[in-house]
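For the sequence shown, the numbering used here begins at 58 and goes up steadily by one.
Worksheet: one structure, shown below.
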Amino acid sequence: MKENVSPPRLKWGISLIMTLVYAFGAAWFYYLPSRGEPELDVTFWGLLSHFLLLSFLFWIILIPELKSDKREDVLLMTILTVPAGLGAALLLSFALGGRESWYVEVLYYFALSLVPFVLSHRAVRGRLSPTPFVLAAVYAVLAYAWGYVSW
Numbered sequence: 058m059k060e061n062v063s064p065p066r067l068k069w070g071i072s073l074i075m076t077l078v079y080a081f082g083a084a085w086f087y088y089l090p091s092r093g094e095p096e097l098d099v100t101f102w103g104l105l106s107h108f109l110l111l112s113f114l115f116w117i118i119l120i121p122e123l124k125s126d127k128r129e130d131v132l133l134m135t136i137l138t139v140p141a142g143l144g145a146a147l148l149l150s151f152a153l154g155g156r157e158s159w160y161v162e163v164l165y166y167f168a169l170s171l172v173p174f175v176l177s178h179r180a181v182r183g184r185l186s187p188t189p190f191v192l193a194a195v196y197a198v199l200a201y202a203w204g205y206v207s208w
């Protein structure tokens, strides 16, 4: 009996659409409250460019999977579990009580990316390895550098 397996192009398409939805949703979520603030110089397109990079940065999960036949599955599972990572980052934010420092911001990004990377790696590969933890650390450093270091 043959399994129902989605074609790889469908998985790539869903991953792309969901990544764009996350970026547009985050930009809109941050733009709406900042519109009326006189002290903030925030544009929707500036926020969108920021969140597009942060959303597509989740695709670094593909780097160790380049020659794998399950790369589409890992990517799709990672993108679909990003809300779980956001929930973990929010719980961490509440637990830390709003402390503001560079290492706390990096820790938020680490938690945001670690949960989807671990869940997708475990679900598709069936085992846990250091790869998701290394990728989450890389994501955290790159996301912090993109958002908080003045270029």
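Don't be surprised by glycine CBs; every beta carbon is placed ideally from N, CA and C.
Reference residue i, options the options, closest by Cα
i	options	result
Phe81	Phe167, Asp130, Gly103	Gly103
Leu199	Ala84, Arg66, Ile117	Ile117
Met134	Tyr160, Val191, Leu185, Val175	Val175
Ser72	Leu114, Val99, Glu94	Leu114
Proximity below 8 Å, CB of residue i to CB of residue j
i	j	result
Ala168	Ala145	yes
Pro65	Glu122	no
Gly142	Pro173	yes
Tyr196	Ser170	yes
Ser112	Thr76	yes
Tyr165	Leu149	yes
Tyr88	Phe108	no
Val78	Ser91	no
Cβ neighbour criterion (16 or more within 10 Å) applied to residue i
i	result
Ser158	exposed
Tyr160	exposed
Ala152	exposed
Phe86	exposed
Straight-line Cα distance separating residue j from residue i
i	j	result
Gly204	Leu132	24 Å
Ala83	Leu110	12 Å
Val163	Leu147	13 Å
Arg184	Ser177	10 Å
Ser125	Pro140	25 Å
Val191	Leu137	20 Å
Pro187	Lys127	18 Å
Leu97	Ser63	45 Å
Gly70	Ile120	19 Å
Arg156	Pro95	25 Å
Ala193	Arg182	17 Å
Gly154	Gly93	27 Å
Min CB distance residue i to chain D below 8 Å
i	result
Pro140	Annotation note: the requested chain D is absent from the structure, which comprises a single protein chain.
Host alpha helix (DSSP H) of residue i (start-end)
i	result
Lys127	Note, Lys127: premise wrong, no alpha helix (DSSP H); not H, not E.
Trp159	159-182
Thr138	Looking at the DSSP string, Thr138 is not in any alpha helix (DSSP H), and its letter there is neither H nor E.
Ser112	101-113
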